[in-house]
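Under the numbering used here, the letters of the sequence shown match residues 177 to 511, in that order.
For reference, the structure discussed in these notes is given below.
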Amino acid sequence: MLDISQIALFVHVVRGGSFAEVSRGFDIPPNTISRRIASLEDALGTRLFQRSTRKLTLTTAGRAFYEEVADPIETLEHAGQAVLGEENAISGLIRIAAPVDFFDLFPITWIREFMRANPKIQFDFVLGDAAVDLIAQGVDIAFRAGVLPDSSYVIRKISDACAVLVASPELLNDVSPKAISDLKEMPCIVGSGKQVRSTWRMQGPSGTHEVTVRACFKADSSLAQLRACVAGIGIALLPSGLVRGALSRGELIRVLPEYRLHAGGFYVVLPTRRHVPAAVRHFMQFAIERFENEDRFGLDDSESARRLRGVDKGPSVRRRSSSGATRRRPKRTMA
177 MLDISQIALF VHVVRGGSFA EVSRGFDIPP NTISRRIASL EDALGTRLFQ RSTRKLTLTT
237 AGRAFYEEVA DPIETLEHAG QAVLGEENAI SGLIRIAAPV DFFDLFPITW IREFMRANPK
297 IQFDFVLGDA AVDLIAQGVD IAFRAGVLPD SSYVIRKISD ACAVLVASPE LLNDVSPKAI
357 SDLKEMPCIV GSGKQVRSTW RMQGPSGTHE VTVRACFKAD SSLAQLRACV AGIGIALLPS
417 GLVRGALSRG ELIRVLPEYR LHAGGFYVVL PTRRHVPAAV RHFMQFAIER FENEDRFGLD
477 DSESARRLRG VDKGPSVRRR SSSGATRRRP KRTMA
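Printed below as a string of structure tokens:
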């Protein structure tokens, strides 16, 4: 007969992603957890995990077994909580994968608010712009932007997403593009790659336009690109949600605001529709409501245009000569 406590431990190891994580949560030594899982594997006559020094991965049999037992174990645990009078106390660790700039879109104060209302829930954030295997990495929920590839994941679109051209006031005081083709001659910030030039495809008043730009700065992180742009290194094509704060503070200005890149959407992603822990469902609903109640992706085009006109009509720029004196020169615009 199978030991139900071993099955429950197996479920928690899958959700936690490692023996060490379960050890910390339940105060059980990792070697004890390993022995109990091995005992369960012996009883089943099959290996449930592939083990290595750095990774714990479900086998095909392990994944099938998890699909069958996860819901019953969660039901039993909820029944036990009800007997103890804790049925309303949702608990557990939520492992979340999200872009590096996630907290520019989802204020950390929202996390604080959620944790204060749900003190028995803990978070483990895995921040990175690269796609991850949610099941292999033990991720409960992911937030992703862009155009998502086809997959077996459960995907819900929160908002449309677009990218806009931005630059620092300092850079635009030196030279300001008047047409999309002017970008060819300007310093631009792009994603990492071996190519010297990159092509931006944007939608404008007369349809889709392509322009090949000179990359003066490359980074595989949109947050790094944002910081480089604020520093005045070049013009960047960045997600609207990421640049909202810098635009409102005057650190960045929209460039050619009539052009933008329609960049798919912003999504919440679950590895599977089945066996979603109560804590994960609760947080997902909280996050979706926050995003829907507060527009974190839209831009005020009239404000952007006003700021841009302010730069165009601004004072001339002082430049220090080699002798130390200052002289005035008018701001150049692209012909």
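Note that the Cβ used here is the ideal one computed from N, Cα and C, for glycine as well.
{"Asked": "Out of 391, 425, 246, state which residue places its alpha-carbon closest to the alpha-carbon of residue 413.", "Found": "391"}
{"Asked": "Beta-carbon within less than 6 Å of residue 336's beta-carbon, same chain only, minus the 5 sequence neighbours each way: which residues are those?", "Found": "441"}
{"Asked": "Start and end of the beta strand (DSSP E) containing residue 332?", "Found": "330-343"}
{"Asked": "How many angstroms separate the CA atom of residue 477 from the CA atom of residue 310?", "Found": "With a pLDDT of only 49 at residue 477, under 50, the local geometry of the prediction cannot be trusted, and the value read off the model is given with reservation. Spanning the two alpha carbons is a distance of roughly 37 Å."}
{"Asked": "Do the segment 333-350 and the segment 412-429 touch if we need at least three Cβ pairs shorter than 8 Å?", "Found": "yes"}
{"Asked": "What distance in whole Å lies between the Cβ atoms of residue 202 and residue 213, which are believed to be in contact at a cut-off of 8 Å?", "Found": "In fact, because the Cβ distance is near 13 Å, the residues do not count as touching under 8 Å."}
{"Asked": "For residue 296, which residues of its own chain have a beta-carbon under 8 Å away from its beta-carbon, when the five flanking residues on both sides are left out?", "Found": "265, 266, 267, 268"}
{"Asked": "How about residue 451 and residue 246: are their beta carbons less than 9 Å apart?", "Found": "yes"}
{"Asked": "Would you kindly work out how many angstroms separate the C-alpha atoms of residue 328 and residue 448, rounded to a whole number?", "Found": "8 Å"}
{"Asked": "So for residue 311, helix, strand or coil by DSSP?", "Found": "coil"}
{"Asked": "For residue 486, count neighbouring C-beta atoms within 10 Å of its own C-beta (all shown protein chains included) and say buried if the count is 16 or more, exposed if not.", "Found": "Confidence in residue 486 is poor, its pLDDT being 43 and thus under 50, which makes the residue's placement too unreliable to answer from."}
{"Asked": "Which residues bound the beta strand (DSSP E) around residue 156?", "Found": "There is simply no residue 156 to check, as the chain begins at 177 and stops at 511 in what is shown."}
{"Asked": "Take the Cβ of residue 277 as the centre, count every other Cβ of all protein chains shown within 10 Å, and call the residue buried at 16 or more, exposed below.", "Found": "buried"}
{"Asked": "Reducing DSSP to helix, strand and coil, say where residue 396 ends up.", "Found": "coil"}
{"Asked": "Flag this pair as yes or no: are the beta carbons of residue 308 and residue 321 separated by less than 9 Å?", "Found": "no"}
{"Asked": "Is the CB-CB distance between residue 466 and residue 286 below 9 Å?", "Found": "yes"}
{"Asked": "Under the DSSP definition of a beta bridge, which residues are partnered with residue 438?", "Found": "338"}
{"Asked": "Does the beta-carbon distance from residue 271 to residue 330 come in below 9 Å?", "Found": "no"}
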